Each structure stands twice: as structure tokens, then as C-alpha cells.
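Using the working numbering, read the sequence shown as starting at 10 and increasing by one per residue. Virtual Cβ for every residue (Gly too), placed ideally from N, Cα, C. Predicted model, so just to flag it, every value in this text is computed and none were measured. Shown next, in C-alpha cells, is the structure this report addresses.
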Amino acid sequence: MKLRLSALALGSTLLVGCASSGTEQQGRSDPLEGFNRTMYNFNFNVLDPYVVRPVAVAWRDYVPQPARNGLSNFTSNLEEPAIMVNYFLQGDPYQGMVHFTRFFLNSILGMGGLY
Numbered sequence: 010m011k012l013r014l015s016a017l018a019l020g021s022t023l024l025v026g027c028a029s030s031g032t033e034q035q036g037r038s039d040p041l042e043g044f045n046r047t048m049y050n051f052n053f054n055v056l057d058p059y060v061v062r063p064v065a066v067a068w069r070d071y072v073p074q075p076a077r078n079g080l081s082n083f084t085s086n087l088e089e090p091a092i093m094v095n096y097f098l099q100g101d102p103y104q105g106m107v108h109f110t111r112f113f114l115n116s117i118l119g120m121g122g123l124y
């Protein structure tokens, strides 16, 4: 039975190599190419240098490190329920409970993960 199945799999794999596509060169078909190029140019030439970069520099220069760490901890804490559900769906209840405990303790004792 295994030999037949292996032969069938090998034969199917070899036959896929015989498949061919048309000889015509198909051009790229992107109906939104003009919009995409316009948005890229806007983002690169306007949004990034005049909005995103100044905000990033101000964030780095004027927000103290403890506040940045607290916000980073808070957003990391918000990811914990999704990670917990992922472990439960994978059939790993131990890791799921580890992440549940981490989320619970950070939310209660760490004020939502800020500390």
C-alpha cells in the first residue's frame, strides 16, 4: 500500500513538471498602479518628512524614557490575550495559562501593564 502511494505521489510530482504555460508574455496587470504610485510619492515626499519624522523625533527627544517604557509595556500587555488564545488553540494549555496569568497580573497589579 505504501509503495503504491509513494509511486502515485512520485508520478504526480513528475507529471507536474510536464505542465507548460502559454508562450505569450503577459504584462503586469495592476489596475491601481497609478493610484499606488501617487500614494507612494505622497507618503515618501510629503507625509514622511513633514509629519511622521517630526513626530518620531519629538517622541524620542521630549518624551521621557520611563513614559516610553510604560507605553511599550501597556501595548505588549494588550497582545497577551491573543497569544493566550493562540496557545489554547494549539493545544498547549500550560503556555496558555502562563500568558493568562501574565495578562491578569499585569492588568491588576501593573495598572494595565504600565509598570
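Counting the other Cβ atoms within 10 Å of the Cβ of Glu-88 gives fewer than 16, which makes it exposed. With a threshold of 16 other beta carbon atoms within 10 Å, Met-93 meets it and is buried. The Cβ atoms of Phe-83 and Leu-123 lie closer than 8 Å to each other. Runs of alpha helix (DSSP H) with 4 or more residues, each lying fully within the segment 29 to 96, are found at 42 to 51 and 62 to 71, listed in chain order.
By the neighbour-count criterion, in which 16 or more other beta carbons inside 10 Å mark a residue as buried, Asn-54 falls on the exposed side. Shown here for Asn-115: same chain residues with a beta carbon closer than 8 Å to its own, the five before and five after excluded, namely Asn-82, Asn-86, Glu-89, Gly-121 and Gly-122 in chain order.
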